[in-house]
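Novice: Residue numbers (my numbering): 655 to 970.
Cβ coordinates follow ideal geometry from the N, Cα and C atoms, glycine included.
Treat the numbers as computed from the prediction; the structure is a model and nothing was measured.
This is the structure I have questions about; it appears just below.
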Amino acid sequence: MSFTLISVFSALMEPGLAWPVSIPSPPSPVFLSLGSLTVRWYAVWILTGMVVAIIWSAKRWESRGGNPDLLWDVGVYVCVFGILGARAMAVASYPHQYFGPGIPWWQPFAIWQGGLAIYGGLIAGLLTMIVMLRRRRLPVGVFIDAVAPTVLVAQSLGRLGNYFNQEVYGSATTLPWGLRIADANLPSGVASGTLFHPTFLYEILWNLIGVGVILGYEHYRKQAGKLYAWELAALYFLFYSAGRFALEFVRIDFQYTVLGIRWFQIVAGAGVLFGLILLNVARRWRQPSQLPRLAPHEAETKSETKVSEITKPENR
């Protein structure tokens, strides 16, 4: 790990050149090799993002009156089914990369090589979350709002995996922060040394701005006494999808198109529309953004009482 980071910074600080020259190509997509076991950077960053999101979500859920241990119970299932959903959507969106002559039968299952569609993960993860929370008789909106900003952090960390896999980059550019791609991974017909828009980095920055926007909105609405369940979830879909829609104009990876519009641009547009509708509905519903507070005598036995047993039906 230290060797990789040193190599990256050494390339950036090459003597005699103004900084930044460009974003260098990563030395290797492999984080660790032990015999036949190979751990890739892609997997490391995906898992890091998941753990960070669960830890932060647990704190946010507890601040809403929930049991933080619930995040580890629900989070593991959400992450597993989220990854499966993300992979399924990637395979469905790019079938030519996973099926055909010369492609091994196990290629659709080789998640460690990259190839996850975020929207597939969001859909599968959201459905898993809803099912598990309903079974526990917990308010879905309050829980998802607690998770909303942490998902953007997880996505930002996951995008670092795209850098090490040398994927998710945009069109050629002469900008000083252009991304170098190893010759073996260059698109067909592109000259060696060509720089590309680091769209993975643009998305990281956009997501981190989104975290600030969601937290700022939450603080403002809470101070005004007008924060309702589902609002932060709506803001997540609205903000992330707007950024993804814009980035699709720069990305050059193959995608199917409908009337000349890229497939994931259509999905992102639907995400913006969904976010707007959900935000409007949330403000009409006006469901509490917190779990019901415990009475003093109940608070003494909080650790022995399941949150599901003290959640009122009207707040589900």
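In three-state terms, what does DSSP make of Ile906?
Specialist: Coil.
Novice: If contacts are defined as beta-carbon pairs under 8 angstroms, then Thr692 and Val698 qualify, I think. What distance do you get, rounded to the angstrom?
Specialist: Rounded, the Cβ-Cβ distance is 12 angstroms, inconsistent with contact.
Novice: For Leu691, does the three-state DSSP call read helix, strand or coil?
Specialist: Looking at Leu691 - three-state DSSP - the assignment turns out to be strand.
Novice: Can you list, in chain order, the residues of its chain whose CB lies under 6 angstroms from that of Leu840, leaving out five sequence neighbours each side?
Specialist: Here the set comprises nothing.
Novice: Comparing C-alpha positions only, which one of Ala742, Asn816 and Ala808 sits nearest to Leu701?
Specialist: Answer by Cα proximity: Ala808.
Novice: Which word fits Leu780, buried or exposed, when buried means at least 16 other C-beta atoms lie within 10 angstroms of its C-beta?
Specialist: It counts as buried.
Novice: What is the rounded straight-line gap between the Cα of Leu927 and the Cα of Leu892?
Specialist: The alpha-carbon atoms of Leu927 and Leu892 are separated by roughly 7 angstroms.
Novice: Who are the Cβ neighbours of Ser895 in its own chain at under 7 angstroms, not counting the five residues just before and after it?
Specialist: Excluding residues within five positions, the ones whose Cβ falls inside 7 angstroms are Ala922, Gly925, Val926 and Gly929.
Novice: Roughly how many angstroms separate the alpha carbons of Gly689 and Gln767, rounded to a whole number?
Specialist: Rounded to whole angstroms, Gly689 to Gln767 spans 18 angstroms at the Cα level.
Novice: Excluding the 5 residues flanking Gly870 on each side, which residues of the same chain have their C-beta closer than 6 angstroms to its C-beta?
Specialist: Closer than 6 angstroms at the Cβ level, and outside the excluded window around Gly870, lies no residue.
Novice: Contact between the region 758-772 and the region 740-748 is defined here as three or more beta-carbon pairs at a separation below 8 angstroms; is this criterion met?
Specialist: The region 758-772, when compared against the region 740-748, does touch it at the 8 angstroms Cβ threshold.
Novice: Identify whether Ala748 lies in helix, strand or coil by the three-state DSSP scheme.
Specialist: In the sequence on display, residue 748 carries Tyr and not Ala. Tyr748 falls in the coil class under three-state DSSP.
Novice: Of all the options Tyr910, Ala878, Arg916 and Pro852, which has the alpha carbon lying nearest to the alpha carbon of Ser943?
Specialist: For Ser943, the nearest C-alpha among the options comes from Ala878.
Novice: Please identify the residue among Ile931, Val935, Arg898 and Phe908 whose C-alpha is closest to the C-alpha of Ile920.
Specialist: Minimum Cα distance to Ile920 is reached at Arg898.
Novice: Where does Ala826 fall in DSSP's three states?
Specialist: Ala826 falls in the strand class under three-state DSSP.
Novice: Is Ile906 closer than 8 angstroms to Ser846 when the C-beta atoms are compared?
Specialist: It is not a contact, given that the beta carbons lie outside the stated cut-off.
Novice: Excluding the 5 residues flanking Trp759 on each side, which residues of the same chain have their C-beta closer than 8 angstroms to its C-beta?
Specialist: Nothing listed; no residue qualifies.
Novice: Starting from the Cα of Pro946, find the closest Cα among Val796, Tyr910 and Ala936 and give me that residue.
Specialist: Closest by alpha carbon: Val796.
Novice: Work out the CA separation of Thr782 and Val653 for me, nearest whole Å.
Specialist: Not covered by the structure: residue 653. The range shown for the chain is 655 to 970.
Novice: Which ranges would you report for the alpha helix (DSSP H) in the region 691-735 if only whole runs of at least 4 residues count?
Specialist: Listed in chain order, the complete alpha helix (DSSP H) runs (minimum 4 residues) inside the region 691-735 are 695-717.
Novice: Please identify the residue among Leu686, Ile757 and Trp884 whose C-alpha is closest to the C-alpha of Val801.
Specialist: Here the closest residue by C-alpha is Trp884.
Novice: Hey, Ile757 and Gly729: beta-carbon distance below 8 angstroms or not?
Specialist: Contact: no.
Novice: Do Phe850 and Val822 come within 8 angstroms of each other at the CB atom, strictly closer than that value?
Specialist: No, these two residues do not count as a Cβ contact at 8 angstroms.
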